[in-house]
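K.L.:
Would you mind keeping the following structure in view while I ask a few things?
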Amino acid sequence: MSQTDSSSAVPHEGGFDVHALHSKWQSYWAEQGTFLAGGDDDTRPRKYVLAMFPYPSGDLHMGHAENYLYSDIVARYWRHRGYNVLHPIGWDSFGLPAENAAILRGADPKEWTYANIAQQRDSMKAYGASFDWSRVLHTSDDDYYRWNQWLFQQLYERGLAYRKDSPVNWCPNDQTVLANEQVVDGHCERCGAAVVKRKLTQWYFKITDYADRLLDDLNQLEGRWPHKVLQMQRNWIGRSIGADVDFEIEGRAEKVTVFTTRPDTLHGATFMVVAPDSDLAAELVASASPEARTRFQDYLEQTQKQTDIERQATDRPKTGVFLERYALNPFTGERLPIWAADYVLADYGHGAVMAVPAHDQRDLDFARAFDLPVKVVVDTTAAVTGAIPVIEVDEDGVPIDPALSDLDPAVTGQALAGEGRMVNSGPLDGLSKRNAIARAIELLEAAGTGRASKQYRLRDWLISRQRFWGTPIPMIHTQSGEIVPVPADELPVRLPDAAGLDLKPKGSSPLGAATGWVETTDPRTGEPALRDPDTMDTFVDSSWYFLRFLSPGNAEKAFDSADADRWAPVDAYIGGVEHAILHLLYARFITKVLFDMGLVDFTEPFSSLINQGMVILDGAKMSKSKGNLVLFSEELEKHGADVLRVALAFAGPVEDDKDWSDVSTTGAFKFLSRAMRLANEVSSDPGVDFAAGDATLRRVTHKVLADVPGLVEQTKFNVVVARLMELVNAIRKAVDGSAGAGDPAVREAVEATALILDLVAPHTAEEMWQVLGHEGSIGLAVWPVADPTLLVEDSVVAVVQIDGKVRSTLSVSAKISAEELEALARADEKVIRSLDGREIVRAIVRVPKVVSFSTK
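Structure representation (structure tokens):
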């Protein structure tokens, strides 16, 4: 490119033709392959920078603009620091939105999806993001989802993929099942419909086998993932330590196992509660009276209309049905009535709980509602280190002393949940909670009625979906009732043509009606058989996509382990906090499985995580239904990529929401125009000796060069832009002052501006670089090393405060002592006037920048 090509972007009337400039440099990058990752012979250290890939539901929106700006800043920064950077992009292109949109329009979901991908690809290229476009993937391509099917079969062989009949979350609108993580406040996270429970036979991944590792390995990510995300993952996995206790049921040969975190309170158990939608409840009520069975059936139907969140709400009145059966307390032999109640969930623990109402609020509320016994077994008035408890109780656990009736939960309605010592508990009396739990487990194990145990809030990952647009599950159902894998050499099992299929949701997969597709043969016998008609949850697609980017187009493997050794794990992963549980948890699980298979040598997929806030409008989240969308394509056409990028980067901290109404595109354009103008004004030649330039400007330049790396690595991108603005102002002052445009320090400062500006406004930076007489892309220029001698401050500005208010500033030596600084502050005329005769009673001096006086 000749230098005259820059004429299209020469400043005019305070600006320049941004669209011509963008087109010019985007063509250059494409022709030169500027941002392709280096191959195996590239000896530079590597960095893998990845933004969460988009779903092609239409054109990009402003949230995409923010996300891909941040990943691009990080990728460009590490290239400048001398790294071989992999920064790929692709599309998460299977899923319900495409299928629902196709149904609405009477279109093929594949055609709708790939048309949107083409539109988004054009927008991304126009945005100037430095993606490696040679590695693009779409999860709906059969050469991608073939490896989803391979992964499924690997888990199946290891006992980690299985099929079972169980209550599941059902979206009546989308007519498909949902994983627990896809239910938000009792509603489908995709469409917002109220979720109900149905019993279906579904495929699961056994993520609970990895619960301890998923929880414990979060410690590896401390300080590198946002604390909020780590805490959300810990809460979701929800490990509880306690005991499994075996209860005999009268008239039943098999014992019922109950998990409890408080085996020390077994003497206080006065009834048992089972989930009404559990198999156990149905079995127990079968021998009850006809009236009880009718009550139970009505109650079960009522329960199935409620979400898990509603059932567990603490402020709901307690309801239940007595099953006319009894359990025996393994410590005391007492008969405990068994009730079905909706506050117990079928898939938590074993679907049954021992109720200790004196010390659990939900149990107490239930006991009071149905007039069941309340037995105190922990004296919470006694200090753990104090004497043996003083509360005496009768055989029913009620305090004998009437003066102590205000401690009785049956009277107060408040469970005694605090620490204390055991009472009315036989061999546990007098023990503290910790010691009593340990002793109770010892007694249970000795009697063969219980054992130490752990339980988790985490449930196995439900992956079956009764929809068309997804990865077909690669299993075959034989005439004998067996389920066998599709032979590996027959993968992928491709989706049939959607033409002629009724894709409307109806409770079963549309694939089951594709006769020519679903009918197959048993690979072992050749007898007629049927393909599994369900498709996989699209979170399977995104659980390992970061590895496919490493070996794009590999027809023999999902990814090459050697490529994973070179590039993975991801060094910087950028995306919204809304994926804190779903996607990140699943990706962590699959990574650990692949580690156990010997295919990767790391156990966490993303070494660091950057979560950005949302782009909102007038304080509200943008949505089509609200009619408050700001369309990315329109803003791009109106302002150009660099203006949008600078405005977004400057709008606030990465993690904060940005209100588009407060984002200044006008200010961003003016700033870029000033920077471009300075590049055109530089009159010294390339290669000039910078050391001969103005020392004041050089100090400003080198301070910015020294500070920006730390700011970028702390994701303080808005501060980077602010520092750039300060530098441009300092250059303008030098050019208009005694230094002039020919001063070597001016060229050095403008080159530094262009280099840092490449992070946020790469088209303008490229143009400046060319105008300054340099060959090649500024995107590959090496970051200058700041001169340490120019970072030493000769003088600083010290602030003087009086009673917390700034009253004066002083220009002082950076090496001033505390005594000297205080003396100067006391002698300052502004300080003396502000004191107005008041006495200084305290002076705090932080050299060399702050003096704070307190007066009376």
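When we follow this note's numbering, the leftmost residue of the sequence shown carries the number 538, and every step to the right adds one.
Heads up, the beta-carbon is just placed ideally off N, CA and C, and yes, glycines get one too.
Note that the structure is predicted; figures quoted are calculated from it, not measured.
1. What are the uninterrupted segments assigned as alpha helix (DSSP H) that are 4 or more residues long and contained completely in the region 968–1005, given in chain order?
2. Go to residue 1169, then tell me how far its alpha helix (DSSP H) extends in each direction, as first and last residue.
3. Can you tell me whether DSSP reads residue 885 as helix, strand or coil?
4. Does DSSP put residue 609 in a helix, in a strand, or in coil?
5. List the DSSP bridge partners of residue 876.
6. Can you find at least 3 beta carbon pairs, one from the region 1214–1225 and one from the region 1274–1294, that sit closer than 8 angstroms?
7. Which class does residue 1463 belong to by DSSP, given the choice of helix, strand or coil?
8. Flag this pair as yes or no: are the beta carbons of residue 887 and residue 794 separated by less than 7 angstroms?
9. In whole angstroms, what is the alpha-carbon distance linking residue 1391 and residue 1382?
10. According to the neighbour-count rule (16 or more other Cβ atoms, all chains shown, within 10 Å of its Cβ), is residue 1040 buried or exposed?
11. Quick one: residues in its chain with C-beta nearer than 7 angstroms to the C-beta of residue 1319, no 5 flanking neighbours on either side, listed in chain order?
12. Counting contacts by CB-CB distance shorter than 7 angstroms, is residue 682 in contact with chain C?
13. Excluding five sequence neighbours on each side, which residues of the same chain lie with their C-beta closer than 8 angstroms to the C-beta of residue 952?
14. In this structure, does DSSP put residue 1395 in helix, strand or coil?
15. What does residue 1252 pair with, by DSSP beta-bridge criteria?
16. Residue 1229 to residue 1194, Cα distance in whole Å?
17. When burial is assigned at 16 or more other CB atoms within 10 Å of the CB, is residue 1388 buried or exposed?
18. Helix, strand or coil: which one does DSSP assign to residue 796?
19. When you compare each of 990, 1023 and 1076 to residue 1061 by their alpha carbons, which one comes out closest?
20. Residues in its own chain within less than 6 angstroms of residue 1069 by CB, not counting five upstream and five downstream?
21. Residue 872 to residue 640, Cα distance in whole Å?
22. On the premise that residue 719 lies in contact with residue 1119, defined as a C-beta separation below 8 angstroms, what is that separation, rounded to the nearest angstrom?
23. Are the region 1332–1348 and the region 1303–1319 touching, with three or more C-beta to C-beta distances below 8 angstroms?
24. Could you give the residue range of the alpha helix (DSSP H) that holds residue 485?
25. Are the CB atoms of residue 1079 and residue 680 within a distance shorter than 7 angstroms?
26. Which partner residues of residue 916 appear in the DSSP bridge assignment?
27. Roughly how far, in whole angstroms, is the beta-carbon of residue 909 from the beta-carbon of residue 807, given that I think they are within contact range, below 8 angstroms?
28. Taking C-alpha atoms, which residue in 1145, 729, 889 and 1098 lies nearest to residue 708?
29. Given a threshold of 16 other Cβ atoms within 10 Å of its Cβ, counted over all protein chains shown, does residue 677 qualify as buried or as exposed?
30. Does DSSP classify residue 1153 as helix, strand or coil?
31. To which residues of the same chain is residue 1368 closer than 8 angstroms at the C-beta, ignoring the five residues directly before and after it?
32. In the DSSP output, what is residue 633 paired with across the bridge?
33. Measure the Cβ-Cβ separation of residue 663 and residue 1173 and say whether it is below 7 angstroms.
34. Which same chain residues end up closer than 6 angstroms to residue 1033 when comparing Cβ atoms and leaving out the 5 residues on each side of it in sequence?
35. Measuring only the C-alpha atoms, how far is residue 1111 from residue 1147?
36. Note down, in chain order, each residue of its chain lying with its Cβ closer than 6 angstroms to the Cβ of residue 665, except the 5 sequence neighbours on either side.
P.N.:
Result, derived from the coordinates:
1. 970–984
2. Residue numbering aside, residue 1169 sits at position 632 when the sequence shown is read from its first letter. Its alpha helix (DSSP H) spans residues 1169–1176.
3. Walking along the sequence shown from the start, residue 885 turns up at place 348. Residue 885: coil per DSSP, three-state reduction.
4. The count along the sequence shown starts at 1 and reaches residue 609 at position 72. In the structure shown, residue 609 sits in a helix (DSSP, three-state: H, G or I).
5. If you number the sequence shown from 1, residue 876 lands on position 339. In DSSP, residue 876 forms a bridge with 810 and 859.
6. yes
7. Missing from the structure shown is residue 1463; the chain here goes from 538 to 1393 and no further.
8. Along the sequence shown, one-based indexing puts residue 887 at 350. Along the sequence shown, one-based indexing puts residue 794 at 257. Taking 7 angstroms as the Cβ cut-off, residue 887 and residue 794 qualify as a contacting pair.
9. Residue numbering aside, residue 1391 sits at position 854 when the sequence shown is read from its first letter. Residue numbering aside, residue 1382 sits at position 845 when the sequence shown is read from its first letter. For residue 1391 and residue 1382, the distance between alpha carbons rounds to 12 angstroms.
10. Counted from its first residue, the sequence shown places residue 1040 at position 503. With 16 or more other Cβ atoms within 10 Å, it is buried.
11. Within the sequence shown, residue 1319 is the residue found at index 782, counting from 1. The answer, listed in chain order, is 617 and 619.
12. No chain C appears in the structure shown, which is made up of a single protein chain.
13. For this step, residue 952 is matched to residue 415 along the sequence shown. Hits under 8 angstroms: 894, 895, 896, 897, 898, 900, 901 and 946.
14. No information on residue 1395 is available, as it lies outside the stretch 538 to 1393 that the chain covers here.
15. The count along the sequence shown starts at 1 and reaches residue 1252 at position 715. In the DSSP output, where bridge partners are listed per residue, residue 1252 has none listed.
16. As a first step, residue 1229 must be located in the sequence shown, where it is residue number 692. As a first step, residue 1194 must be located in the sequence shown, where it is residue number 657. One C-alpha to the other measures close to 45 angstroms.
17. As a first step, residue 1388 is located in the sequence shown; it is residue number 851 there, counting from the start. Per the 10 Å Cβ criterion, buried.
18. To locate residue 796, count along the sequence shown from 1; it is residue 259. Strand, per DSSP.
19. Residue numbering aside, residue 1061 sits at position 524 when the sequence shown is read from its first letter. Out of 990, 1023 and 1076, 1023 has the C-alpha closest to the C-alpha of residue 1061.
20. Numbered from its first residue, the sequence shown carries residue 1069 at position 532. 1010 and 1012, listed in sequence order.
21. In the sequence shown, residue 872 corresponds to position 335, counting from 1. In the sequence shown, residue 640 corresponds to position 103, counting from 1. Going from the Cα of residue 872 to the Cα of residue 640 covers about 58 angstroms.
22. Taking the first residue of the sequence shown as position 1, residue 1119 is located at position 582. Taking the first residue of the sequence shown as position 1, residue 719 is located at position 182. Right, the Cβ-Cβ distance comes to about 7 angstroms (below 8 angstroms), so this counts as a contact.
23. no
24. It is not possible to answer for residue 485, since the shown part of the chain is limited to 538 through 1393.
25. Start at 1 with the first residue of the sequence shown, and residue 680 comes out as number 143. Start at 1 with the first residue of the sequence shown, and residue 1079 comes out as number 542. No, they are not a contact pair.
26. By 1-based counting over the sequence shown, the position of residue 916 is 379. According to DSSP, which records beta bridges pairwise, residue 916 is partnered with 958.
27. Residue numbering aside, residue 909 sits at position 372 when the sequence shown is read from its first letter. Residue numbering aside, residue 807 sits at position 270 when the sequence shown is read from its first letter. With a Cβ gap of about 6 angstroms, residue 909 and residue 807 count as contacting.
28. Residue 708 sits at position 171 when you count from the first residue of the sequence shown. Checked all of 1145, 729, 889 and 1098; the closest Cα to residue 708 is 729.
29. Along the sequence shown, read from residue 1 onward, the residue named residue 677 stands at position 140. That one is buried.
30. By one-based count along the sequence shown, residue 1153 stands at place 616. Three-state DSSP puts residue 1153 in a strand.
31. Here residue 1368 is taken as the residue at index 831 of the sequence shown, counted from 1. Contacts found: 1337, 1339, 1344, 1345, 1362 and 1390.
32. Position 96 of the sequence shown holds residue 633. DSSP, once it has assigned bridges, lists no residue as partnering residue 633.
33. As a working note, residue 663 is residue 126 in the sequence shown. As a working note, residue 1173 is residue 636 in the sequence shown. Contact flag set, yes.
34. By one-based count along the sequence shown, residue 1033 stands at place 496. Cβ neighbours of residue 1033 beyond the five flanking positions: 1051 and 1054.
35. The count along the sequence shown starts at 1 and reaches residue 1111 at position 574. The count along the sequence shown starts at 1 and reaches residue 1147 at position 610. Roughly 5 angstroms separates the two Cα atoms.
36. In the sequence shown, residue 665 corresponds to position 128, counting from 1. 1178, 1299 and 1300.
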